[in-house]
Structure formats: C-alpha cells, structure tokens
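Asker:
In our numbering, the protein residues as written are 53 to 451.
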C-alpha cells in the first residue's frame with residue numbers, strides 16, 4: 053500500500069461516518085427532552101433513554117466486532133447501516149418509555165456495527181506511517197457532525213416537534229448506506245487458522261486484550277464528558293446561558309477542528325505525551341469553567357478548549373492501540389476501543405443524572421473534573437511513563 057492518504061475510499065468512509073454521527077448527536081441532544089415531554093420521565097429515566105443507545109452499541113461491538121474480517125468489512129458495514137435505517141422509522145411510533153428504551157437499544161446495536169465497520173475500514177486504508185495524521189483528518193468529519201448535530205437537534209426540537217428530529221435519522225442513514233455501497237474496500241485474506249480462530253466464541257476473540265488498558269482510560273474520560281453531552285439543555289435552562297447553549301457545540305467543534313488539523317502530525321513525529329497531557333489539562337480547566345461561569349463568553353471559550361482536549365484523547369489513544377494490532381485484528385481492536393468508549397458514554401447519563409438530582413448540576417460537573425484527572429493518572433501509569441522513557445532513551449542515543 054502506498055503513502056496516499058486522500059483516496060476515494062477515505063472520503064466515502066468519512067462521509068458515511070459524518071452522516072451517522074450527525075444523527076447520533078441530533079438524537080442525543082434531544083432524547084432527554086423527548087422523554088421528559090412525552091412520558092414525564094425523571095432525570096435518571098431520561099438519562100437512561102440517552103445512555104441505553106450506547107449500551108446497545110457496546111454489546112454489538114463486543115459480540116460482532118470479531119466477525120468483520122470474516123464476513124467482510126464492506127458487507128458488515130452495509131448490514132449495520134441498513135438495520136439503522138430501518139429502526140430509524142420506529143421512533144415515529146414510540147408510545148411508551150419502555151418502547152423507547154427498546155428502540156434506542158436496537159438502534160445503538162446497529163450504530164455499533166456501522167461505526168466499528170467504518171473504523172476498521174479507515175484503519176486499513178490509512179498508511180501506517182501516517183496513521184496519527186490520517187485519523188486526525190478522518191475525525192474532522194465527526195468534528196463537523198458534533199457541531200451540526202446538536203444545533204440541528206435543538207433547532208428541530210423547538211416547539212416539541214420531535215418528528216422533524218426523527219426524520220434526520222432516516223435521511224442520514226440512507227445517504228450513509230449509499231456511500232458505503234460505493235466503496236471499494238480492501239478485505240483481509242484469512243488463513244484457515246485465522247478463520248477458525250474468528251469463529252470461536254471466547255474472551256480473546258471478542259476482546260483485543262492489550263487494547264483494554266488504554267480503552268478503559270478513555271472510557272473513564274468519556275464518562276466525565278457524557279454529562280455535558282446529555283444535560284447541557286437542562287443545565288442552562290432558565291439561565292443567561294440558555295441562548296448560547298445552542299452554539300456551545302460549535303465552539304467545541306472549533307477546538308476539535310484545530311486540534312485534529314495539527315496534533316496527528318505531532319504524534320507521528322514526537323510521540324503522544326507532548327500533546328495528550330495538555331489535552332487532559334485543557335479539558336479539566338474548561339470543564340471547571342463550564343461548571344462555574346455565568347458569563348456567556350467564558351462559557352463558549354470553555355467549549356473551545358473542551359473540544360481541543362476531547363479530540364486529542366480519543367484519536368491519539370485509538371492510534372496507539374491500532375498501531376499495536378496485527379491487520380487481521382483491526383476489527384476487534386477498533387470494536388474493543390469503541391466499546392469501552394461507548395460504555396463510559398452510556399453509563400454516564402444514567403449515573404450522572406442521579407448525581408445531578410442529588411447535588412445539582414454544578415457540583416456534578418465538578419465531580420466530572422476529578423474523574424477526568426483520574427483518567428489522566430491512568431494514562432500516565434499505563435502508557436505515558438513508558439512513552440516518556442522511550443523518548444528520553446531515543447534522544448540520548450541520537451546525541
């Protein structure tokens with residue numbers, strides 16, 4: 053494989069990822085309000101409606117990720133997208149909280165299959181020597197979606213007209229499926245032993261074990277961030293921040309955009325610590341400002357630096373675990389990493405919703421700061437200290 057990065061498949065996969073992520077954020081930002089408005093759900097019940105989607109994604113990643121290379125990358129992706137397209141129609145007919153939970157769970161499973169397939173494809177088509185840079189550019193699609201999705205959701209849900217919100221899913225998954233069908237995806241040629249291994253149903257086949265430590269680190273980090281994703285509308289309601297909350301994710305996305313344009317190349321050349329530690333610090337400081345400020349301008353600045361930190365932690369940790377995996381295990385590695393991320397994002401709204409009801413949103417977000425700093429400590433223990441020693445040894449050898 054050559055060193056070319058911007059191929060047709062790269063753009064098609066990025067476009068499909070953009071469509072799926074737009075719908076993810078449109079629903080995530082509105083499903084709490086939908087649950088409360090339509091079914092009188094409490095904060096904890098509404099948080100579960102947001103989080104159970106991610107739990108569905110977690111389950112599908114853990115159980116189906118190992119089949120990607122066996123079934124075929126493109127085929128698995130198309131299956132996931134068509135299932136997500138079909139289940140998107142079910143939102144129009146939800147008439148109870150229990151039914152909403154079921155639809156969200158199945159939808160999450162379909163999203164898990166789709167996003168794992170897209171991550172596996174992009175890991176395969178990006179040249180290994182440009183992986184940090186390539187993943188940074190790839191996730192710009194998610195950056196754009198994370199800006200457009202929340203704003204679109206808040207705008208479409210005005211006046212509690214949620215059918216307009218649900219229409220987005222139908223359209224986005226239809227477009228994503230068309231883009232996926234246009235891909236020409238390189239597939240793995242598995243040996244007979246690799247095929248037999250892939251068919252076995254055991255822990256080592258479901259999970260890429262050496263990816264777990266960093267994946268759990270990111271899971272804890274995203275647990276802390278999930279409170280912002282799910283409760284920003286409730287947190288700012290009735291305050292002087294309510295109007296700017298609609299544009300908060302635009303600020304997050306601007307920070308993410310700047311980060312992903314620059315940090316991937318730095319990682320490829322100088323290693324992870326020089327960017328990932330400032331990323332954690334930027335997130336912790338911005339979350340503290342988010343929790344305490346009543347000044348709209350500071351609120352938006354916090355969003356910018358929050359986005360800057362988030363993009364670094366996710367994309368660089370993923371680049372680290374993928375770089376250690378053999379090609380025929382890219383699918384399992386991607387699913388392991390994403391599943392742990394899903395677990396943090398899925399558990400967060402339910403647990404943090406209960407915490408917010410007890411101590412209030414401000415103190416809940418300050419707890420999230422402490423959780424993110426704990427994630428930083430884990431990163432340093434698991435990988436950062438080793439990377440620092442390797443960097444020092446390399447520097448000494450070059451002198």
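No residue lacks a Cβ here, since even glycine has one placed at the ideal position from N, Cα and C.
Does the separation of the CB atoms of residue 375 and residue 168 fall below 8 Å?
Answerer: Contact: no.
Asker: Output the boundary residues of the alpha helix (DSSP H) element that contains residue 362.
Answerer: It spans 348–375 - the alpha helix (DSSP H) in which residue 362 sits, taken as one unbroken run.
Asker: For a test of the three-state rule: what should DSSP assign to residue 208, helix, strand or coil?
Answerer: Helix.
Asker: Counting Cβ pairs closer than 8 Å, one from the segment 76–86 and one from the segment 200–212, do we hit at least three?
Answerer: Verdict: yes, contact present.
Asker: Relative to the C-alpha of residue 92, which residue among 319, 222, 149 and 199 is closest?
Answerer: When each option's Cα is compared against that of residue 92, the closest is 149.
Asker: If you compare alpha carbons, which of 153, 277 and 304 is closest to residue 36?
Answerer: The requested residue 36 is not part of the displayed model; the chain covers only 53 to 451.
Asker: Starting from residue 111, trace the alpha helix (DSSP H) both ways and give me its first and last residue.
Answerer: Where residue 111 is concerned, the enclosing alpha helix (DSSP H) stretches over 95–116.
Asker: Tell me whether the beta-carbon of residue 170 lies closer than 8 Å to the beta-carbon of residue 69.
Answerer: The answer is yes: Cβ separation under 8 Å.
Asker: Please classify residue 234: is it buried, with 16 or more other beta-carbons within 10 angstroms of its beta-carbon, or exposed?
Answerer: Per the 10 Å Cβ criterion, exposed.
Asker: In chain order, what residues of the same chain lie with their CB nearer than 6 Å to the CB of residue 218, ignoring the 5 residues before and after it?
Answerer: Closer than 6 Å at the Cβ level, and outside the excluded window around residue 218, lie 143 and 144.
Asker: With DSSP as the reference, label residue 57 as helix, strand or coil.
Answerer: Here residue 57 sits in coil by DSSP.
Asker: Within 10 Å of its beta-carbon, does residue 367 have 16 or more other beta-carbons around it, so buried, or fewer, so exposed?
Answerer: Per the 10 Å Cβ criterion, buried.
Asker: Could you tell me the alpha carbon to alpha carbon distance between residue 328 and residue 292, rounded to whole angstroms?
Answerer: One C-alpha to the other measures close to 33 Å.
Asker: Within the segment 379–445, note down every full alpha helix (DSSP H) run reaching 4 residues or more, in order along the chain.
Answerer: If we require 4 residues or more, the alpha helix (DSSP H) runs fully inside the segment 379–445 come out as 382–411 and 413–431.
Asker: Can you give me the Cβ contacts of residue 430 inside the same chain, cut-off strictly under 6 Å, excluding the 5 residues immediately before and after it?
Answerer: Hits under 6 Å: 269.
Asker: Do residue 165 and residue 224 have their C-beta atoms closer together than 8 Å?
Answerer: No, the Cβ-Cβ distance between residue 165 and residue 224 is not below 8 Å.
Asker: For residue 456 and residue 151, I'd like the C-alpha separation in whole angstroms.
Answerer: For residue 456 there is no data in the structure shown, the boundaries of the chain being 53 and 451.
Asker: Taking the straight line between their C-alpha atoms, what separation do you get for residue 287 and residue 138?
Answerer: Going by the C-alpha atoms only, they are around 33 Å apart.
Asker: Determine, using beta carbons only, whether residue 278 and residue 412 come nearer to each other than 8 Å.
Answerer: Contact: no.
Asker: With a CB to CB cut of under 8 Å and the five nearest residues on each side skipped, what residues in its chain are close to residue 414?
Answerer: Within the same chain, residue 414 has close Cβ partners 343 and 344.
Asker: Classify residue 213 as buried or exposed, calling it buried when 16 or more other Cβ atoms lie within 10 Å of its own Cβ.
Answerer: So residue 213 ends up on the exposed side.
Asker: Throw me the rounded Cβ distance for the residue 195 and residue 308 pair, which I believe falls under 8 Å.
Answerer: Indeed, because the Cβ distance is near 4 Å, the residues count as touching under 8 Å.
Asker: Less than 6 Å between C-beta atoms, sequence neighbours within five positions excluded: which residues of the same chain meet that for residue 378?
Answerer: Closer than 6 Å at the Cβ level, and outside the excluded window around residue 378, lies no residue.
Asker: Would you mind working out which of 331, 370 and 77 sits nearest residue 298, comparing C-alpha positions?
Answerer: Checked all of 331, 370 and 77; the closest Cα to residue 298 is 77.
Asker: When we look at the beta-carbon of residue 60 and count the other beta-carbons within 10 Å, is it buried (16 or more) or exposed?
Answerer: It counts as exposed.
Asker: Decide yes or no for the touch test of the segment 176–191 against the segment 400–409: beta carbon pairs closer than 8 Å, at least 3 of them.
Answerer: Touching, no.
Asker: State the Cα-Cα distance for the pair residue 326 and residue 319, rounded to the nearest angstrom.
Answerer: Each residue's Cα considered, the two are about 8 Å apart.
Asker: Can you give the beta carbon distance from residue 424 to residue 276, rounded, assuming they're within the 8 Å contact cut?
Answerer: Yes, they are in contact, since the Cβ atoms of residue 424 and residue 276 sit about 4 Å apart, within 8 Å.
Asker: To the nearest angstrom, report how far apart residue 371 and residue 183 are at their CA atoms.
Answerer: Distance between the alpha carbons of residue 371 and residue 183 is about 7 Å.
Asker: Can you tell me which of the three DSSP states residue 299 falls into?
Answerer: It is coil, neither helix nor strand.
Asker: Short check: CB of residue 369 to CB of residue 228, under 8 Å?
Answerer: No, the pair does not count as a contact, with Cβ atoms beyond the cut-off.
Asker: Pick from 347, 356 and 406: whose alpha carbon is nearest that of residue 337?
Answerer: Checking every option, the nearest Cα to that of residue 337 belongs to 356.
Asker: Tell me the rounded alpha-carbon separation between residue 120 and residue 294.
Answerer: When rounded, the distance between both Cα atoms is 43 Å.
Asker: Pick from 134, 180 and 437: whose alpha carbon is nearest that of residue 159?
Answerer: Residue 134 is the option with its Cα nearest to residue 159.
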